[in-house]
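Peer 1: Mind having a look at this structure? Questions to follow.
In our numbering, the protein residues as written are 42 to 230.
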């Protein structure tokens, strides 16, 4: 990947994505919508069967899955849901932070064919804040991190990440290493 061309002494420390539970929550509605036809048709059959005037319609509802038109509509419904779920997973996979020994690289892809790559040097970081909220966030250890730099550039935030406190500690450790190395090279002059 061209946006990940590293400097000669730079190495990747960690790659940060959204927590798996956040992906699960985003994909779960697609699973429910995929199972919806199996709940609607039996409910419709039961409602029609209890109404005496609609008994002839009841047999048609019972054979709904054998109709080629219903099968085509159901197949179209599932293909649409699969494409939407795949889109959700793809965006989860492509949105990433890369922590290196020198900088943080943010790769954000809000939709297909729209990609933004930003990076800033760790030496410019002024504030790193992490937060874990709620019972699920505490139990599964996910939350958000906010990194603010010196200058006019916007702050970087990532919500729903795994181990935000550990990531904060890792970033601060890399910043300390940079300052220690910089101070060591200044002493040697």
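Yeah, the Cβ is synthetic: ideal placement off N, Cα and C, and Gly gets one too.
Quick check on this structure: which residue in 73, 184, 170 has the alpha carbon closest to the alpha carbon of residue 176?
Peer 2: Selected option, being the one with the closest Cα: 184.
Peer 1: In this structure, how does DSSP classify residue 46 when only helix, strand and coil are distinguished?
Peer 2: DSSP places residue 46 in coil when its eight states are reduced to three.
Peer 1: Name the two residues that bound the continuous alpha helix (DSSP H) containing residue 117.
Peer 2: Taken as a continuous stretch (DSSP letters only), the alpha helix (DSSP H) holding residue 117 covers 109-135.
Peer 1: For the stretch 64-83 against the stretch 216-223, do three or more pairs of beta-carbon atoms, one drawn from each stretch, fall closer than 8 Å, so that the two count as touching?
Peer 2: With a cut-off of 8 Å, the stretch 216-223 and the stretch 64-83 do not count as touching, because too few Cβ pairs lie within range.
Peer 1: What residues match up with residue 199 in a beta bridge as DSSP calls it?
Peer 2: For residue 199, which the question treats as bridged, DSSP gives the partners 186.
Peer 1: Identify, in the order they occur along the chain, each residue of the same chain with its Cβ nearer than 6 Å to the Cβ of residue 45, setting aside the five sequence neighbours on each side.
Peer 2: Within the same chain, residue 45 has no close Cβ partners at all.
Peer 1: Considering only the alpha carbon of each residue, which of 126, 199, 195 lies closest to residue 56?
Peer 2: Out of 126, 199, 195, 199 has the C-alpha closest to the C-alpha of residue 56.
Peer 1: To the nearest angstrom, how far is it from the Cα of residue 236 to the Cα of residue 154?
Peer 2: The chain is shown from 42 up to 230; residue 236 falls before or after that span and cannot be answered.
Peer 1: Below 8 Å on the Cβ atoms is my guess for residue 133 versus residue 203; work out the distance and round it to an integer in Å.
Peer 2: 12 Å between Cβ atoms; not a contact.
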